[in-house]
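> Please find one structure pasted underneath; my questions will follow.
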Amino acid sequence: MKKSACSLLIILVATALVTVLPACGKWYKRCSEDNPCPEGRVCQDIGRRTTVCLNECDTGAADACGRNETCFRFGAGQSACAPTCNPDRKFPRSCPGGWLCAPVAPDGENLCRPECDPAQGTASCGQAEYCLDLGDGTGVCMPGCDPYSSEGCGAGQACDLGPDGGYACYSAVYIEGRVFDSADKNLGIVSAHVAAKDKTGAVATDVAITGDNGTYKLQVPVERGDNGTLVEGTLTLRAEANNYQPYPSGIRPAIPVDATQATKLGDGTYVLKNASTDIALIKLPDNETGRKSISGSIILAGDNSTRPGGTLVAAEGGPCGLTCPFTFSDKQGGYTIFNVPAGSWTIRGYKDFLQLTPIDVAHTADADTTGVELVENDKPYGTVAGSVNIVNPGDGDNTTVVLVPVSTFSPTFVKGEVPPGLRAPKQPAPPSIKGAFTITGVPDGYYVVLAAFENDFLVRDPDTSIAGTDLVYQHVPDNATLSYDISLPTSFKVTGALDIVSPGATEPELIDPASLQLVWKDDSSEKHYLIVVYNAFGEKVLDCEIPEHTGGANVIYDYGDGTCTTPAQPLEAGMYY
24 MKKSACSLLI ILVATALVTV LPACGKWYKR CSEDNPCPEG RVCQDIGRRT TVCLNECDTG
84 AADACGRNET CFRFGAGQSA CAPTCNPDRK FPRSCPGGWL CAPVAPDGEN LCRPECDPAQ
144 GTASCGQAEY CLDLGDGTGV CMPGCDPYSS EGCGAGQACD LGPDGGYACY SAVYIEGRVF
204 DSADKNLGIV SAHVAAKDKT GAVATDVAIT GDNGTYKLQV PVERGDNGTL VEGTLTLRAE
264 ANNYQPYPSG IRPAIPVDAT QATKLGDGTY VLKNASTDIA LIKLPDNETG RKSISGSIIL
324 AGDNSTRPGG TLVAAEGGPC GLTCPFTFSD KQGGYTIFNV PAGSWTIRGY KDFLQLTPID
384 VAHTADADTT GVELVENDKP YGTVAGSVNI VNPGDGDNTT VVLVPVSTFS PTFVKGEVPP
444 GLRAPKQPAP PSIKGAFTIT GVPDGYYVVL AAFENDFLVR DPDTSIAGTD LVYQHVPDNA
504 TLSYDISLPT SFKVTGALDI VSPGATEPEL IDPASLQLVW KDDSSEKHYL IVVYNAFGEK
564 VLDCEIPEHT GGANVIYDYG DGTCTTPAQP LEAGMYY
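Structure below.
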């Protein structure tokens with residue numbers, strides 16, 4: 024229904040100044056620091072030199088306000104019933120001079136807001152405000168936002184980091200894609216959970232649940248430049264589903280996607296949809312399907328600046344396979360661990376500067392276990408320090424060191440899941456360690472300490488006869504002293520990695536099993552090469568020793584050529600190796 028507009032009339036009634044605003048019949052009491060509002064109302068600017076008392080409201084409630092009003096978030100945690108305006112009326116004015124009538128309310132209603140210059144950005148607005156570009160060369164000043172608040176921006180908008188380091192509402196960016204069975208691309212996976220990690224390694228989104236044919240739409244955070252341009256949006260996707268192996272896990276890495284490449288649509292929102300946003304999941308073996316899930320949430324206490332999003336949540340102590348079941352919480356702290364065998368489990372959460380009290384769970388084969396809350400406690404945080412010795416580095420000048428909960432560590436793949444922040448240097452800094460390192464904010468747990476864990480041209484030295492090459496396991500706090508200040512007794516020895524030529528030099532590749540060749544750069548000092556190939560379930564399909572290579576820069580091995588003592592196993596379509 025089109026709103027009517029009224030003339031502005033100011034009268035004095037019983038010594039209290041009130042204003043009749045464009046919402047006909049509405050009277051608003053003027054206010055100031057010396058003339059505060061009564062309980063249940065807040066003092067807000069709704070026009071030039073027009074500051075009035077407005078009724079508090081809940082932006083998530085239906086019919087929160089009266090006729091010709093809408094519930095608007097003014098910032099600083101205050102939402103109030105603001106009078107709407109009519110942009111089609113030229114006289115009488117729907118907004119006072121210097122203010123524009125714009126569709127900025129969450130439900131698309133028009134409100135009067137101060138006019139600003141989009142070319143000047145936040146400089147043309149007040150403190151804790153930003154200039155929203157209306158797309159026609161004009162803009163209006165809007166309150167900043169909290170990306171973790173339930174009071175979000177308007178329809179089609181998202182609270183993203185702006186050029187001045189503050190958060191503001193911009194046209195939302197979405198990733199669209201499809202989750203499907205790796206052995207049958209036509210088989211979409213319904214009810215899969217999809218989320219995205221940011222460059223710090225923390226899950227920075229809510230969870231999108233796939234619909235028909237496995238399709239999903241996920242709103243993602245993107246750093247903005249002037250006028251809302253997309254300037255930084257490197258993300259990695261996670262997908263999990265009942266009866267499927269999670270992605271990424273085991274030998275499967277997460278392929279980065281760049282949300283700044285999203286296309287702007289006619290409604291102003293952005294969408295990224297390409298091959299990198301489609302996710303193939305590997306079906307679990309038949310004896311591991313049909314298992315139920317454990318779900319719950321992370322509960323913070325007090326004013327901890329750490330956010331619950333991205334917490335690594337693991338089910339430990341039960342009948343684990345290659346690794347124990349695990350997941351990462353969404354940005355609000357909710358989590359679901361799929362495919363958990365029946366048994367007694369201890370649920371633990373891992374994230375830097377966040378201590379969570381573990382909880383024991385009796386999980387059955389008959390129903391999902393829900394409502395498992397991991398509550399923050401006030402225990403101190405640990406510090407783990409040590410050193411790295413880089414020998415014969417090749418192209419690798421610097422490395423990283425990470426802490427991996429033992430429950431997620433695979434001795435087969437010699438890797439595991441890194442909780443956010445348990446890395447030196449902290450994410451998202453590039454590798455920089457070539458001597459001493461320190462990892463801070465470490466919560467209680469039992470960890471494997473790994474150096475040269477990332478694609479940094481370095482690996483753990485394979486010569487286990489020398490010091491610094493064994494895996495290091497560490498309790499926090501230290502079992503012997505119960506100290507949280509831990510210095511590792513030995514340094515890590517790492518060395519340059521062999522250069523892979525194909526396949527999979529930079530990312531997974533589709534191969535023809537009938538003509539597979541493994542190709543890598545020759546090492547001039549080798550005595551022999553040992554080739555071991557695993558599938559995504561940790562099953563060994565090839566274990567072969569070949570003699571030293573002479574002649575040519577590359578070593579080429581034809582898969583299944585019959586030269587190995589143990590025959591190569593056939594490769595399975597849709598599997599990752």
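Each residue of the sequence shown is one higher than the one before, counting from 24 in my numbering.
Here a beta-carbon is modelled for each residue, glycine too, at the ideal position from N, C-alpha and C.
In this structure, how does DSSP classify Thr431 when only helix, strand and coil are distinguished?
Position 408 of the sequence shown, counted from the first residue, corresponds to residue 431. Thr431: helix per DSSP, three-state reduction.
> Please report the Cβ distance between Ile212 and Gly234, rounded to the nearest whole angstrom; I am assuming they are in contact, meaning their Cβ atoms lie under 8 angstroms.
Along the sequence shown, read from residue 1 onward, the residue named residue 212 stands at position 189. Along the sequence shown, read from residue 1 onward, the residue named residue 234 stands at position 211. Taking 8 angstroms as the upper bound for CB-CB distance, Ile212 and Gly234 are not in contact here, some 11 angstroms apart.
> Between the Cα of Gly162 and the Cα atoms of Tyr171, Pro126, Gly224, which residue gives the shortest distance?
One-based indexing of the sequence shown puts residue 162 at position 139. Gly162 has its Cα closest to that of Pro126, out of Tyr171, Pro126, Gly224.
> Kindly give me the distance between the Cβ atoms of Thr359 and His572, rounded to whole angstroms, as I take these residues to be in contact under 8 angstroms.
Here the question's residue 359 lines up with position 336 in the sequence shown. Here the question's residue 572 lines up with position 549 in the sequence shown. In fact, because the Cβ distance is near 48 angstroms, the residues do not count as touching under 8 angstroms.
> Strictly by DSSP, which residues pair up with Ile523?
As a position in the sequence shown, residue 523 is number 500, starting the count at 1. Answer is Trp543, bridged to Ile523.
> Does the structure place the stretch 340-355 close enough to the stretch 364-373 that three or more beta carbon pairs sit under 8 angstroms?
yes
> Consult DSSP for Glu62 and reduce its assignment to one of helix, strand or coil.
Taking the sequence shown and counting its residues from 1, the one referred to as residue 62 is at position 39. Three-state result, Glu62: coil.
> Should the stretch 434-448 be regarded as contacting the stretch 330-338, the criterion being three or more beta carbon pairs within less than 8 angstroms?
yes
> What did DSSP end up calling Thr422 once you bin it into helix, strand or coil?
Numbered from its first residue, the sequence shown carries residue 422 at position 399. Secondary structure of Thr422 (DSSP, three-state): strand.
> Given Pro119, which residues of its chain have a CB within under 6 angstroms of its CB, disregarding the five upstream and five downstream residues?
Residue 119 sits at position 96 when you count from the first residue of the sequence shown. Cβ neighbours of Pro119 beyond the five flanking positions: Gly70, Arg71.
> Using a Cβ distance threshold of 8 angstroms, determine whether the stretch 182-195 contacts the stretch 240-259, with at least three qualifying pairs required.
The answer is yes - the stretch 240-259 touches the stretch 182-195, with three or more Cβ pairs under 8 angstroms.
> Please state the DSSP three-state secondary structure of Gln497.
Within the sequence shown, numbered from 1, the residue matching residue 497 stands at position 474. DSSP places Gln497 in strand when its eight states are reduced to three.
> Just checking my contact of Leu379 with Val398 at CB under 8 angstroms: how many whole Å lie between their CB atoms?
Reading the sequence shown from its first residue, position 356 is the one you call residue 379. Reading the sequence shown from its first residue, position 375 is the one you call residue 398. Confirmed, about 7 angstroms.
> Just to confirm the assignment: which complete beta strand (DSSP E) runs, minimum length 3, are found wholly within the stretch 67-104?
73-78, 92-98
> Count the other CB atoms, across all protein chains shown, that sit within 10 Å of the CB of Val254; report buried if there are 16 or more and exposed otherwise.
Position 231 of the sequence shown, counted from the first residue, corresponds to residue 254. It counts as exposed.
> Suppose you measure from the CA of Pro45 to the CA of Asn78; what does that come to, to the nearest Å?
In the sequence shown, counting from the first residue as 1, residue 45 sits at position 22. In the sequence shown, counting from the first residue as 1, residue 78 sits at position 55. Low confidence applies here, because Pro45 scores a pLDDT of 47, under 50, leaving its location unreliable; read the following figure in that light. Whole-angstrom Cα-Cα distance: 17 angstroms.
> Could you give the distance in angstroms between the alpha-carbon of Ala591 and the alpha-carbon of Asn502?
As a position in the sequence shown, residue 591 is number 568, starting the count at 1. As a position in the sequence shown, residue 502 is number 479, starting the count at 1. Computed Cα separation, rounded: 44 angstroms.
> Asn421 and Asp479 - do their beta-carbons sit closer together than 8 angstroms?
Here the question's residue 479 lines up with position 456 in the sequence shown. Here the question's residue 421 lines up with position 398 in the sequence shown. Yes, these two residues count as a Cβ contact at 8 angstroms.
> Quick one: grab the DSSP three-state call for Ser299.
Indexing the sequence shown from 1 puts residue 299 at position 276. Of the three classes helix, strand and coil, the one that applies to Ser299 here is helix, per DSSP.
> From this set, Thr73, Pro536, Lys374, which residue's C-alpha is nearest Ala226's C-alpha?
One-based indexing of the sequence shown puts residue 226 at position 203. A small correction: the amino acid at residue 226 is Val; Ala does not occupy that position in the sequence shown. Among Thr73, Pro536, Lys374, the Cα nearest to that of Val226 is on Lys374.
> Tell me whether Leu541 is buried or exposed, calling it buried when 16 or more other Cβ atoms sit within 10 Å of its Cβ.
Locating residue 541 in the sequence shown gives position 518, counting from the first residue. Its Cβ being crowded by 16 or more others within 10 Å, Leu541 is buried.
> Note down, in chain order, each residue of its chain lying with its Cβ closer than 8 angstroms to the Cβ of Val524, except the 5 sequence neighbours on either side.
Here the question's residue 524 lines up with position 501 in the sequence shown. Here the set comprises Val542, Trp543, Lys544, Asn577.
> Drop a sphere of 10 angstroms on the beta-carbon of Thr529, count the other beta-carbons inside from all chains shown, and report buried for 16 or more, exposed for fewer.
Position 506 of the sequence shown, counted from the start, is the residue given in the question as residue 529. Its Cβ having fewer than 16 others within 10 Å, Thr529 is exposed.
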